[in-house]
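Residue numbers for the sequence shown, in this note's numbering: 5 to 96.
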Amino acid sequence: MHWQVQEAKQRFSALLRSVQTDGPQFVTRHGEDVAVVIDIEEYRHMRGQERDFKDFLLDSPDWGDFADVLDEVVAERDLPRRVDLGTATEEP
Numbered sequence: 005m006h007w008q009v010q011e012a013k014q015r016f017s018a019l020l021r022s023v024q025t026d027g028p029q030f031v032t033r034h035g036e037d038v039a040v041v042i043d044i045e046e047y048r049h050m051r052g053q054e055r056d057f058k059d060f061l062l063d064s065p066d067w068g069d070f071a072d073v074l075d076e077v078v079a080e081r082d083l084p085r086r087v088d089l090g091t092a093t094e095e096p
């Protein structure tokens, strides 16, 4: 979609929503394209600044809740476990 500069300024929130749902949005002045607004992930990809998996996990908004649940599960376990390393018997 194309937005005139004045409209883009007045409806900036709508412009940003359109970027997320419809992809890149073009801004025009006097009928000429002067700018394009793109999603930050697309920008990072274009610049070669993609996040690695570790950064993705660390930036996750729900990671703290998951860590708390994981701590509770680990606390409830009886560690270390005893493991029987006796000889294996062959079944017929």
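The beta carbon of each residue, even a glycine, is placed where N, CA and C say it ideally should be.
Keep in mind the model is a prediction, meaning the values are calculated, not measured.
Where residue i falls, given that 16 or more other Cβ within 10 Å makes a residue buried
| i | result |
| --- | --- |
| Gln53 | exposed |
| Gln29 | buried |
| Ala71 | exposed |
| Ala18 | exposed |
| Ala12 | buried |
Own chain, CB closer than 8 Å to residue i, minus 5 neighbours either side, in chain order
| i | result |
| --- | --- |
| Thr32 | His6, Trp7, Gln8, Val9 and Val38 |
| Val73 | none |
| Ser22 | Met5 and Gln29 |
| Asp26 | Met5 |
Run of the alpha helix (DSSP H) containing residue i, from where it starts to where it stops
| i | result |
| --- | --- |
| Arg21 | Phe16 to Asp26 |
| Asp88 | Note, Asp88: premise wrong, no alpha helix (DSSP H); not H, not E. |
| Asp63 | Phe57 to Asp63 |
Which residues DSSP lists as bridging residue i, in chain order
| i | result |
| --- | --- |
| Val41 | Gln29 |
| Glu36 | Arg33 |
Endpoints, the beta strand (DSSP E) within which residue i is located
| i | result |
| --- | --- |
| Gln8 | His6 to Gln8 |
Cβ neighbours of residue i in the same chain (closer than 6 Å, five flanking residues each side left out)
| i | result |
| --- | --- |
| Arg48 | Glu54 |
Among the options, the one whose alpha carbon lies nearest that of residue i
| i | options | result |
| --- | --- | --- |
| Ile44 | Ala12, Ser17 and Gln24 | Gln24 |
| Ile42 | Glu36, Leu89 and Arg51 | Arg51 |
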